[in-house]
Amino acid sequence: MEKAVALNKSKPTRKIVMDIIIYAILIAISAVILIPLFWMISTALKSNADIFKWPPEWIPNPPHWENIANAWNAMPFNKFLQNSLFIVVLGVTAEVISETIVAYGFARYDFPGKNIIFILLLSTMMLPAHVTLIPTYIIWNKIGLIGEFDPLVLRAWTAWGPFYIFLMRQFFMGIPKELDDAADIDGASLPRKFFQIMLPQIKPILAAISVFAFRGYFNEFQGPLIYLSDKEKYTMTLGMYFFMGGVNEAPKWNYLMVIALIIALPSIVLYFAAQKYFIEGITFTGLKD
Amino acid sequence: MDRFWGTFSRWLIVPVALLVLAIALYFLMRLFRLRKDQATGIALISPWLFGFLGFTAFPIFYSLYLSFTDYSLFGKENWVGLSNFIKLFTKDIEFWPSVRITLLYAILTLPIGVFGSLLVALLINREIKGIKIFRTIFYLTAILPDSAVAIIWRQLFNGESGLINFFLSLFGVNKIDWFGNPQFVLPAFVIISVWGIFGTNTIIFLAALKDVPRNLYEAAEIDGATTFNKFRHITIPQISSVILVQVVMSLIGSLQMFTVAQFLRPTTQAGIFMNQLVYTRGFTQLHMGEASAIAWILFVIILVLTLAVFKSSPAWVHYETEVKNAR
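Going line by line, the protein sequences match chains A and B. All residue numbers for the first sequence refer to the working numbering, where the first residue is 225 and numbers rise by one. All residue numbers for the second sequence refer to the working numbering, where the first residue is 2 and numbers rise by one.
What follows is the structure, given as C-alpha cells:
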C-alpha cells in the first residue's frame, strides 16, 4: 500500500518525463518518414547540376517549376494516364460488382460444400501470385489477348479479390436477416431484394473496397509489365519504369521524381479524402477472426 | 481512343457470359434435386468458382507440370524430368544468390516489421496532444505506391549524390555503392522495407490494441502490476492472434518481393530476388519451364515457412473462448 502511495505522489513529474520521451521518439520517427518525402519534392524541383551538388542542397535554389511540364512531356504520359484510368475504372467496377454478388451468396445462402469452398477462397489469399503467373500468361496467349488491356481487367468479373469477398461477407452477415425475410414475404425478387434492401446498407464497405481497389489497379506493376508490350498501352507505373532507362544508365532524377510524385498523388489525395475508409480497410486486413 | 474499344466491348461481354453460366448452373443444380435457395447460392458464388477453377486451380498444377518441361511459349514442350531442378541446384550461378537474399530479406524484415510496428503502435496508442498528426504521418508510408517508394530510396541510396552516403560521410564513411555491392544490397533492402512496413502494420496493431478490454488493465493495476507485466500478460496474449496474422502476411509478402526490387535495379547478382528471376527467365528469356521450376521452389518455401509458423502458434497464440459478435 505504501508503495502505491509513493508512486502516486511522484506521478506528475514521472508523467512529464514520460511524455517528453514519447514526443521525442514520435518526432524522430516522423523525421525518418518525412525526410525522404521532402527529399523527393526537393529533387523534383532541382536543376540537373544541383542534383549532384556535394554537400547536397536541401531546398532547390531557384526551384525549377518547369521540371513538371518537361517531365510530363518527356514521354507520352498523357496517354499513360488515360490507360491507367481506363484500367482502374473497368477493374474496380467489375471487381466491386462481382464481389458483392459472391459475398452475398456466401453470407445469405446455404448450399452443400459451402464451408469447404469458403475455406478454399480464404486460402487463395495466401497463394503467391507468381505460381499461377506463367500458366495464366499462357492462357491469355492462347486466347490471343497478350498486349491488350484484357488480362488486367477481364478477370475482375470473376471476383478475384478473396479478401474483399471476405470483408463484404462479414458485413452482410451483420445486417439483420429479418430485412430479407420481410422482403421474401412481400414476394420481392432476388435482384429487387439485393438492390433495394442490401445495397443501401453496404454503402460504407463498398466505398472502402473501391478506394482500395482503385489504389491496387492504379499502382499495379507486374501485370502491365508482363502483358503490355505496345508503348501506346503503357500505364503510368510502367511508363515510369521505362523512363528510368537501362540498368547502368543514371536516370534523370528530377524528372523521375516529378513522375513518382504524380503517381503517388491519387493515393495521397484518396487517403486524405477517405482516411476513415482507408484505415478501416487496412485494419480489416489484419482481421482477428 | 481506339485502343480502348476492343477491351471495353469484351469487358461488357464477360459479365453477360458469366450470368448465362450462372443461370445454367442454377438449373443444373435443380436437376440434382437441390432446393431453390441452395441452387441460388451456388449460382451467386459461381463467378468466383469459375475464376478459381480456370485461373487458380488449373494454373497451379499446370505450372507444376511445366516445371518438368522445357516449355518456351513457342512450339511444343518436351518432358525433361528433373533436369530443370538439377540445373538450378547444381549449375545455375544466379539461383542460390537469389534464394539467399529472398530468405535473408524475409527473415530480417519479419521481426523488425512486426515487433517494431507493434512498439510504434503502443507509442501512438495514447491520447496525448497532437497524436492525430503523428498518426497521419505514420500512416503515410502505408499508402504510397511501391514504385514511388522505390524511386525515392533509389535516389537516397544513390552512390554519387545520395543523402544516405552524405550522412555517412559526416562520420567519415566513404561513399558506398549500395546496390552494386553484394555486402550492402541486403541492408539497403531491409531499411527500405522497414520504412514502408511501419504504416500498414502499425494501423492494424493500433486497432487491435484498442480492442483489448480496458477492465483487464484495471484489474491488473489493482493487483499492482507494472507496465511491463501488463504488456507481457495482458496485451501480448490479447493481440496474439493479430500478431500471428501479421507474421504470416509479412512473411508471404516479403518472400514475394518484386516491384520494389525491380525499380531499384541492383547491379550485383547478390541483389536479385527469386521472383525477379522468375520474371527474367520466364518473360525475357522465355525459359518458361525453368521459370516455373523457380516459382514452384519459392511456393514450397512459402508453404513450409507458413506451416511452421502455424504449427508453432498454439504455443504462443492465445485464442479467446468467448465468441465475438460480428459487427
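We treat Cβ as the ideally placed atom computed from N, Cα and C, and that holds for glycine.
DSSP three-state assignment for Thr227/B, whether helix, strand or coil: Stepping through the second sequence from its first residue, residue 227/B is reached at position 226. Reduced to three states, the DSSP call for Thr227/B is coil.
Are the C-beta of Leu123/B and some C-beta of chain A separated by less than 7 Å? Position 122 of the second sequence holds residue 123/B. Chain A contact via Cβ: absent.
Of all the options Ile483/A, Asn478/A, Ile486/A, Ile503/A, which has the alpha carbon lying nearest to the alpha carbon of Asp274/A? Looking up residue 274/A in the first sequence gives position 50. Distances from the CA of Asp274/A to each of Ile483/A, Asn478/A, Ile486/A, Ile503/A were compared; the closest alpha carbon is that of Asn478/A.
Measure the C-alpha to C-alpha separation of Asp71/B and Ile295/B and round it to an integer number of angstroms. Translated into positions along the second sequence, residue 71/B becomes position 70. Translated into positions along the second sequence, residue 295/B becomes position 294. If you draw a straight line from the Cα of Asp71/B to the Cα of Ile295/B, it comes to about 13 Å.
At a CB distance below 7 Å, what residues from the region 169-194 of chain B approach chain A? Give them in sequence order. Hits within the stretch: zero.
Using a Cβ-Cβ distance cut-off of 7 Å, determine whether Asp374/A contacts chain B. In the first sequence, counting from the first residue as 1, residue 374/A sits at position 150. With 7 Å as the cut-off, Asp374/A counts as an interface residue toward chain B.
Positions along the region 256-276 of chain B whose CB lies within less than 9 Å of some CB in chain A: Cβ contacts with chain A: Leu256, Gln257, Phe259, Thr260, Gln263, Phe264, Arg266, Thr268, Met275, Asn276.
For the candidate residues Phe56/B, Ala44/B, Met275/B, whose alpha-carbon lies nearest to that of Ile363/A? Residue 363/A sits at position 139 when you count from the first residue of the first sequence. Closest by C-alpha distance to Ile363/A, out of Phe56/B, Ala44/B, Met275/B, is Phe56/B.
Where do the ends of the alpha helix (DSSP H) carrying Glu323/A lie? The count along the first sequence starts at 1 and reaches residue 323/A at position 99. Here the alpha helix (DSSP H) through Glu323/A covers 301-332.
With 7 Å set as the bound, which would you pick, yes or no: does the beta-carbon of Pro112/B sit closer than that to a beta-carbon of chain A? Taking the second sequence and counting its residues from 1, the one referred to as residue 112/B is at position 111. Not closer than 7 Å to any Cβ of chain A, the Cβ of Pro112/B fails to qualify, so no.
Below 8 Å on the Cβ atoms is my contact criterion, and I expect Gly173/B with Asn166/B to pass it. Report the Cβ-Cβ distance as a whole number of Å. Here residue 173/B is taken as the residue at index 172 of the second sequence, counted from 1. Here residue 166/B is taken as the residue at index 165 of the second sequence, counted from 1. Contact between Gly173/B and Asn166/B fails: their C-beta atoms lie close to 12 Å from each other, not under 8 Å.
From the beta carbon of Ser347/A, is the nearest beta carbon of chain B less than 7 Å away? Sequence index remark: in the first sequence, residue 347/A carries index 123 (1-based). So no, Ser347/A is outside the interface.
Where does the unbroken alpha helix (DSSP H) through Asp408/A begin, and where does it stop? As a position in the first sequence, residue 408/A is number 184, starting the count at 1. Start and end: 401-409.
Using the beta-carbon of each residue, which ones in chain B are nearer than 7 Å to Met264/A? Stepping through the first sequence from its first residue, residue 264/A is reached at position 40. The answer, in chain order, is Ile153.
Candidates Ile244/A, Ile251/A, Ile240/A, Thr267/A, of which the one nearest Ile134/B by Cα: By 1-based counting over the second sequence, the position of residue 134/B is 133. When only C-alpha atoms are compared, the closest one is Ile251/A.
Considering only C-alpha positions, which residue in the set Phe496/A, Ala488/A, Ala474/A is nearest to Leu265/B? Within the second sequence, the letter at position 264 stands for residue 265/B. For Leu265/B, the nearest C-alpha among the options comes from Ala474/A.
Thinking C-alpha only, which one of Leu83/B, Trp49/B, Ile193/B is nearest Gly114/B? Within the second sequence, numbered from 1, the residue matching residue 114/B stands at position 113. If we check each option's Cα against that of Gly114/B, Ile193/B comes out closest.
List, from N- to C-terminal side, the beta strand (DSSP E) runs of 3 residues or more that fit wholly inside the region 215-266 of chain B. Complete beta strand (DSSP E) runs here, min 3: none at all.
Does the structure place the region 277-294 of chain B close enough to the region 51-70 of chain B that three or more beta carbon pairs sit under 8 Å? Under the Cβ criterion (8 Å, minimum of three pairs), the region 51-70 of chain B counts as touching the region 277-294 of chain B.
Where do the N-terminal and C-terminal ends of the alpha helix (DSSP H) with Ile129/B fall, by residue? The residue you call residue 129/B lines up with position 128 of the second sequence. Where Ile129/B is concerned, there is no enclosing alpha helix (DSSP H), because DSSP gives it neither an H nor an E.
Using beta-carbon positions only, say whether Ala407/A and Ile421/A come within less than 7 Å of one another. Counting from 1 along the first sequence, the entry for residue 407/A is found at position 183. Counting from 1 along the first sequence, the entry for residue 421/A is found at position 197. Yes, the pair counts as a contact, with Cβ atoms nearer than the cut-off.
Which runs of the alpha helix (DSSP H) at least 4 residues long sit entirely within the region 47-115 of chain B? Give them in chain order. Entirely contained in the region 47-115 of chain B, the alpha helix (DSSP H) runs reaching 4 residues are, in chain order, 59-67, 84-91, 96-112.
Pairing CB atoms from the region 335-345 of chain A with CB atoms from the region 447-463 of chain A, are three or more of them under 8 Å? The region 335-345 of chain A, when compared against the region 447-463 of chain A, does not touch it at the 8 Å Cβ threshold.
Between the alpha carbons of Asp243/A and Phe168/B, how many angstroms are there, rounded? What you label residue 243/A is simply residue 19 of the first sequence in a count that begins at 1. What you label residue 168/B is simply residue 167 of the second sequence in a count that begins at 1. Distance between the alpha carbons of Asp243/A and Phe168/B: 29 Å.
Under three-state DSSP, which class holds Ile370/A? Within the first sequence, the letter at position 146 stands for residue 370/A. Coil.
Amino acids of chain B, ordered along the chain, whose beta-carbon sits closer than 9 Å to that of Trp296/A: Looking up residue 296/A in the first sequence gives position 72. Listed along chain B is no residue with a C-beta nearer than 9 Å to that of Trp296/A; the closest approach is about 16 Å.
Ignore the nearest five residues each way along the sequence and tell me which others in Thr203/B's own chain have a CB closer than 6 Å to its CB. In the second sequence, counting from the first residue as 1, residue 203/B sits at position 202. Answer for Thr203/B: Ser118, Val121, Ala122, Phe139, listed in chain order.
Restricting to Cα atoms, I'd like to know which of Leu210/B, Asp178/B, Phe96/B, Met30/B is closest to Phe232/B. As a working mapping, residue 232/B is identified with position 231 in the second sequence. From the listed residues Leu210/B, Asp178/B, Phe96/B, Met30/B, the smallest Cα separation to Phe232/B is found for Leu210/B.
Does the region 180-195 of chain B come close enough to the region 97-117 of chain B that 3 or more CB-CB pairs lie under 8 Å? Touching, yes.
At what residues does the alpha helix (DSSP H) containing Lys312/B begin and finish? Counting from 1 along the second sequence, the entry for residue 312/B is found at position 311. Where Lys312/B is concerned, the enclosing alpha helix (DSSP H) stretches over 289-317.
Restricting to Cα atoms, I'd like to know which of Met349/A, Trp278/A, Leu305/A, Asp374/A is closest to Ile14/B. On the second sequence, position 13 is the one that residue 14/B refers to. Between Ile14/B and the set Met349/A, Trp278/A, Leu305/A, Asp374/A, the nearest pair of CA atoms involves Asp374/A.
Is the region 319-333 of chain A touching the region 38-57 of chain B in the sense that three or more CB pairs, one from each, lie closer than 8 Å? Counting Cβ pairs under 8 Å, three or more are found: they touch.
Skipping 5 residues on each side, what residues in its chain have a beta carbon closer than 8 Å to that of Leu449/A? For this step, residue 449/A is matched to residue 225 along the first sequence. Here Leu449/A has Leu462, Tyr465 as same chain residues with Cβ atoms under 8 Å from its own Cβ, once five neighbours each way along the sequence are excluded.
Report all residues from its chain with a CB closer than 6 Å to the CB of Ile273/B; omit the five preceding and five following residues, and keep chain order. Working through the second sequence from its first residue, we reach residue 273/B at position 272. Take Ile273/B, set aside five residues on each side of it, and the residues of its chain with a beta-carbon closer than 6 Å to its own are Ser99, in chain order.
Below 7 Å between beta carbons: does that hold for Ser347/A and Ile144/B? In the first sequence, the residue the question calls residue 347/A occupies position 123. In the second sequence, the residue the question calls residue 144/B occupies position 143. In this structure, Ile144/B does not lie closer than 7 Å to Ser347/A by Cβ.
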